[in-house]
Each structure stands twice: as structure tokens, then as C-alpha cells.
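Per UniProt numbering, the very first residue in the sequence shown carries number 1; after that it's consecutive.
Read the structure below first, then the notes.
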Amino acid sequence: MQFREDHFQELIGEWTLVPELLFHQSITEEAWPSMKIGKYDNAVFEAFKLVEIRVREIGNFPQDKIGVALIREAFNVDSGPLQNFDLPKAEQEAISHFFSGAIGLYKNPHSHRKVELEFKEAFEMVLIASHLLSKLDSIEERISEKIYNMLRL
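Next up, the structure:
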């Protein structure tokens, strides 16, 4: 089924279940309100800021560690605290590139200048941030299980 962009916006505005079904809860709370009022650049920035904050929290990084440098350290294939060393090296590198590329491409420009976006493009970007937040939830769970199992020994 196809919708014109303005019709899709009307649909999204009326059917509040759409963001709740598609998006991570923090996106629904923090970024989606900006999407609803047409502030697409703000929504994208907020969404990827949430990703950066979660990486910092899960990895216990200091507040001054930011942006792509933070992500690369968190997912470093030799020592990153968020990296899954059980995965093949190529997949470890891929997740590092995926997270750092998303922050570099979608958050950083919005941090430094005004970026004009259409609804569809912003929606896709926010959806990517939502996916990254879900991945971070899984990563946090994996780390917690690992710590729990180590403490049981």
C-alpha cells in the first residue's frame, strides 16, 4: 500500500500506535514528539543522542567521551566493553562500523548545523536509531548475564 507523504503524516498523527509498535520506547518519548510537529532535524538529533547516551551508560564512559570516538572505543574489536567477542571478527567490525557510521552520518551533522529533512528521510533515520537502541538493550542484557554468571562462580 502506498501513501502520499502528507497523508502518511496525517495517519501517523491520528494513529498513535504506529510509533509505539515501530519504535523503541525512548524514541517514542523523546524524539517522536518532534516528528509529529514537523521538526524532523530535531527528531533525528534527539534519536541519535539517545543512542550515544545509552552507549556511554552501558560502557561506563565519562561524559566527555562523545560522538564517533565514543562509539569506536565502545565497539573496539580488541577491547570494546560493548563488543561481543564470541562473534566472528568480521561481524565485530561490522557492528562497530554500523554504530559509528550512524552516529557520524546522522547525529553529527545535526549537532553542528541545520539540516533540512523531509518526513520520509527523517522517519527512516529515526527508525535506524530505534534499531540501534534495541541492539543496545540486547547488548546490556548480554553483559548483565555475563557479570551474573561470573559472580555465581
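The beta-carbon is built from N, C-alpha and C at its ideal position, and this holds for glycine as well.
Task: Among Glu124, Glu30, Ile71, the one whose alpha carbon lies nearest that of Leu136 - done: Counting from one through the sequence shown, the residue named residue 136 turns up at place 136. Relative to the Cα of Leu136, the nearest Cα in the group Glu124, Glu30, Ile71 belongs to Ile71.
Open item on the list: For Leu127 and Leu22, I'd like the C-alpha separation in whole angstroms.
Closed with: For this step, residue 127 is matched to residue 127 along the sequence shown. For this step, residue 22 is matched to residue 22 along the sequence shown. Answer to the nearest angstrom: the Cα atoms are 8 Å apart.
Task: Helix, strand or coil at Glu118 [DSSP, three-state] - done: Position 118 of the sequence shown, counted from the first residue, corresponds to residue 118. Coil.
TODO: For Gly96, I'd like the list of residues in its chain whose CB is within less than 8 Å of its CB, leaving aside the five on either flank, ordered along the chain.
DONE: Looking up residue 96 in the sequence shown gives position 96. Reading off the sequence, residue 96 comes out as Ser, not Gly. If we look at Ser96 and ignore the five residues flanking it on each side, its Cβ neighbours are Ile71, Arg72, Phe75, Asn76, Val77, Gly80, Gln83.
Task: Close-in-space but distant-in-sequence residues of the same chain around Glu52 (CB under 8 Å, 5 per side omitted) - done: Counting from 1 along the sequence shown, the entry for residue 52 is found at position 52. Contacts found: Ile66, Gly67, Leu70, Ile71, Ile103, Lys107.
- [ ] Could you have a look at Lys107 and say whether DSSP puts it in helix, strand or coil?
- [x] For the purposes of this step, residue 107 is taken as the residue at position 107 of the sequence shown. Per DSSP, reduced to three states, the secondary structure at Lys107 is helical.
Open item on the list: How far does the alpha helix (DSSP H) with Asp41 in it extend, from its first residue to its last?
Closed with: Numbered from 1 along the sequence shown, position 41 holds the residue referred to as residue 41. Residues 40 to 59.
Task: Burial state of Leu132 (16 or more Cβ within 10 Å) - done: In the sequence shown, the residue the question calls residue 132 occupies position 132. So Leu132 counts as buried.
Task: Cut-off 8 Å between Cβ atoms - residues of its own chain near Val115, not counting five sequence neighbours on either side - done: Mapped onto the sequence shown, residue 115 falls at position 115. Shown here for Val115: same chain residues with a beta carbon closer than 8 Å to its own, the five before and five after excluded, namely Asp41, Val44, Pro109 in chain order.
Task: 8 Å CB neighbourhood of Ile139 in its chain, flanking five on each side removed - done: Locating residue 139 in the sequence shown gives position 139, counting from the first residue. Within its own chain, the residues whose Cβ lies closer than 8 Å to the Cβ of Ile139, once the five positions on either side in sequence are excluded, are Ile58, Leu82, Asn84, listed in chain order.
Open item on the list: Can you tell me whether Met35 is buried or exposed? The criterion is at least 16 other CB atoms within 10 Å of its CB, across all chains shown.
Closed with: Start at 1 with the first residue of the sequence shown, and residue 35 comes out as number 35. By the neighbour-count definition (other C-beta atoms within 10 Å, threshold 16), Met35 is a buried residue.
- [ ] With distances taken Cα to Cα, identify the nearest neighbour of Ser111 among Ala47, Phe98, Ile147.
- [x] Residue numbering aside, residue 111 sits at position 111 when the sequence shown is read from its first letter. Selected option, being the one with the closest Cα: Ala47.
- [ ] State yes or no: is the C-beta of His24 within less than 8 Å of the C-beta of Ser144?
- [x] What you label residue 24 is simply residue 24 of the sequence shown in a count that begins at 1. What you label residue 144 is simply residue 144 of the sequence shown in a count that begins at 1. Their beta carbons are not under 8 Å apart, which means His24 does not touch Ser144 by this criterion.
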